[in-house]
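Residue numbers (my numbering), protein chains in the order written: chain A, 1 to 469; chain B, 1 to 246. Virtual Cβ for every residue (Gly too), placed ideally from N, Cα, C. As structure tokens, the structure follows; a few thoughts come after it.
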């Protein structure tokens, strides 16, 4: 082996320009793969972080909610959800994995702003949550892919009637002024409605709001108020008033135009009135994403053992966008890898074929001296692999250097599904699987590429090789 | 021709000391539909420890004969026996191992591995037979000294003159102490003075090592050193002379 390497290395240096060209092709392949791979890895980490901060790793639902609950979330409430949370927290397998476990309540209804000169209403998609738990979830950053935690003071456990809404909804409800939002067009005076609700519905909402809130609880509260109308689990209309602590842009316009977050108690009051309060889901945020499959399996087993009519869904199922983006980037990565693989393959085949042609007489000589066919095959294969390995190593070092430069350049971008800019990063360093995989992949491609001409050299009849000029 | 036939018949009589034994060996090359006979039923034996020369005009079949004896080519018919092994019976790997142990080659164009130094070129055959490093080193240095290249041990072939390259090739052929050394026109690419010194060198080491040397040559100087001379014409052995091997 030492002799093989010695001869291979010296031959590489002997044809330095050709070796450099081939090595450069391999290095370019490694560079492209690693930079894009690092970017894709960062995208995946960013998307996962974003999802896990918002909806946790796993959510426990009443069986059937995932497929049918969107039409009537109230009908799929989890009874005794506090007991279920306690059961999960006490479990010796899942319990230690949990960072945050918190109940949520989903609801749909109509939001209206009838204060002062504005009269506007709009359907909404609401989420009831525990503000302090949400804040803890927002601090999760296992992959260091978050833009940095900034405390959100728009909601608080201490204020059970204070929530926040999407910027789009704030615009429609005419809350830009009170919330200090910029760039909002004035609402048309003659058409304060979104058009999604009928005139009758508007009158109902106004009447209900006036009746239920006549107590004047809003009194001296300086924050803008909106009224939320929803059907209770029993089918009766119910209204609560929400103090809008602020508006937060949502990454998707449809959500931005409909989003309302409110304290869990308020959401439960709206959906269940004076009846038993339930929760639509129990969100689990784990310390580490790698525990997700184990936690998922354990919860499924636990619920089956306890005969609980519950199901568990992970964030990938709840947010198909995550999977779609991941698949898209994976497909692009695969495509780039294929293109680079083909380029490297042809470069190495070309170089090794020229090497074999130039050294045919040498092949004949060393075969005559007693080198077996396998020895010839090994010789040329090792040469190809050596060029590939050096090229891939140079490419990896360059990729690490470029990634470090980009990561320190302070560039930002808005990832798909995000509303705010995050730092642009190339996660190459520390991604042993990516670097090792790209290096190994290119090494395999160069080996395969070298094998073809090496095999041709090995099969040359000795006398023909010796006659070759 | 009658004389040659008598000589050939005499040569094919069983000789237990023969290191090379050919029986009715024919070799035909095919180029498309064209068949070109290179050897036409040659039979002879070469005893061990001889300095034998195969002579003949260009295209007479000398190189083909050496290739068959060197087991780098196979006959179209007949049998080639070298060092007691019938070549045709061996697999390709076995033939490689056989050559590594028993045959040394000296080529007209020297055919050194260009990226290896003189020392490494000479050491190369010993690596193929798995010789321990200390013994390899001892033999390589001794061989380089024998061919007068101790001072050039670390020079690459492109840094050596033609004569020096051929000396390296001779050292490489002899270092493993093979039973047979085959040399195809070893002095053809050298000037006459260098060629003469190379012949003297080969003759000297042949005597010392008692290796069987078989040459294919046009060189009259080389013929004059031969213990035995085989004359080939148009693929047939036409004469077998025994010389005094000066």
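In whole angstroms, what separates the C-alpha of residue i from that of residue j?
i	j	result
residue 213 of chain A	residue 311 of chain A	Since pLDDT at residue 213 of chain A reaches only 49, below the 50 mark, its modelled position is unreliable, and the value read off the structure follows with that caveat. Straight-line Cα distance between these residues: approximately 38 Å.
residue 434 of chain A	residue 187 of chain A	52 Å
residue 420 of chain A	residue 147 of chain A	9 Å
residue 189 of chain B	residue 394 of chain A	44 Å
residue 404 of chain A	residue 157 of chain B	46 Å
residue 214 of chain B	residue 170 of chain B	13 Å
residue 12 of chain B	residue 19 of chain A	For residue 12 of chain B, the pLDDT reaches just 43, beneath the cut-off of 50, and the residue's location in the model is therefore unreliable, leaving the point undetermined.
residue 446 of chain A	residue 364 of chain A	24 Å
residue 35 of chain A	residue 142 of chain A	22 Å
residue 7 of chain A	residue 226 of chain B	38 Å
residue 309 of chain A	residue 134 of chain A	26 Å
residue 243 of chain A	residue 163 of chain A	6 Å
residue 468 of chain A	residue 458 of chain A	15 Å
residue 344 of chain A	residue 26 of chain A	6 Å
residue 327 of chain A	residue 62 of chain A	29 Å
residue 483 of chain A	residue 392 of chain A	Only positions 1 to 469 of chain A appear in this structure, which leaves residue 483 of chain A out of reach.
residue 220 of chain A	residue 118 of chain A	Residue placement at residue 220 of chain A is poorly supported in this model, since its pLDDT is 46, which falls under 50; the coordinates still yield a value, given next. Taking the straight line joining both Cα atoms gives about 19 Å.
residue 29 of chain A	residue 73 of chain B	44 Å
residue 151 of chain A	residue 137 of chain A	11 Å
residue 178 of chain A	residue 430 of chain A	47 Å
residue 76 of chain B	residue 443 of chain A	43 Å
residue 181 of chain A	residue 45 of chain A	31 Å
residue 32 of chain A	residue 159 of chain A	52 Å
residue 106 of chain A	residue 85 of chain A	17 Å
For the ligand GDP, is there a heavy atom less than 7 Å away from the beta-carbon of residue i?
i	result
residue 235 of chain A	Although the ligand GDP was asked about, the structure shown includes no ligands whatsoever.
My understanding is that residue i touches residue j, with C-beta atoms under 8 Å, so please give their C-beta distance in whole angstroms.
i	j	result
residue 175 of chain A	residue 224 of chain A	5 Å
residue 297 of chain A	residue 78 of chain A	Between residue 78 of chain A and residue 297 of chain A the Cβ distance is about 20 Å, and since that is not below 8 Å, they are no contact.
residue 61 of chain B	residue 90 of chain B	In fact, because the Cβ distance is near 23 Å, the residues do not count as touching under 8 Å.
residue 69 of chain B	residue 129 of chain B	Their Cβ separation, rounded to whole angstroms, is 20 Å, which puts residue 69 of chain B and residue 129 of chain B out of contact at 8 Å.
residue 198 of chain B	residue 152 of chain B	At roughly 15 Å, the Cβ-Cβ gap does not stay under 8 Å, so residue 198 of chain B and residue 152 of chain B are not in contact.
residue 462 of chain A	residue 368 of chain A	6 Å
residue 122 of chain B	residue 168 of chain B	6 Å
residue 147 of chain B	residue 201 of chain B	6 Å
Go ahead and pull the three-state DSSP assignment for residue i.
i	result
residue 53 of chain B	strand
residue 112 of chain A	strand
residue 314 of chain A	strand
residue 75 of chain B	coil
residue 69 of chain A	helix
residue 162 of chain A	strand
residue 118 of chain A	coil
residue 96 of chain A	helix
residue 43 of chain B	strand
residue 156 of chain B	coil
residue 262 of chain A	strand
residue 195 of chain B	helix
residue 278 of chain A	coil
residue 214 of chain B	strand
residue 228 of chain A	strand
residue 242 of chain B	strand
For residue i, does the count of other Cβ atoms within 10 angstroms reach 16, so buried, or fall short, so exposed?
i	result
residue 254 of chain A	exposed
residue 140 of chain A	buried
residue 115 of chain B	buried
residue 359 of chain A	buried
residue 103 of chain A	buried
residue 29 of chain B	exposed
residue 132 of chain B	exposed
residue 57 of chain A	buried
residue 235 of chain A	exposed
residue 48 of chain A	buried
residue 301 of chain A	exposed
residue 409 of chain A	exposed
residue 247 of chain B	Residue 247 of chain B lies beyond the range of chain B shown here (1 to 246); nothing can be said about it.
residue 439 of chain A	buried
residue 362 of chain A	buried
residue 117 of chain B	buried
residue 253 of chain B	Lying before the first or after the last residue shown, residue 253 of chain B is absent from chain B, which here runs from 1 to 246.
residue 377 of chain A	buried
Closest Cβ-Cβ distance between residue i and chain C: below 8 Å?
i	result
residue 16 of chain A	No chain C appears in the structure shown, which is made up of the protein chains A and B.
Which runs of the alpha helix (DSSP H) spanning at least 4 residues fall entirely within the segment 135 to 160 of chain A, listed in chain order?
none
Identify every run of the alpha helix (DSSP H) within the segment 292 to 380 of chain A, keeping only runs that are complete inside it and at least 4 residues long; order them along the chain.
292 to 305, 315 to 318, 320 to 358, 360 to 369
What ranges does the alpha helix (DSSP H) occupy inside the segment 70 to 127 of chain B, keeping only unbroken runs of at least 4 residues that lie completely in it?
92 to 102
At what residue ranges does the segment 31 to 90 of chain A contain a whole run of the beta strand (DSSP E), taking only runs of 3 or more?
58 to 62
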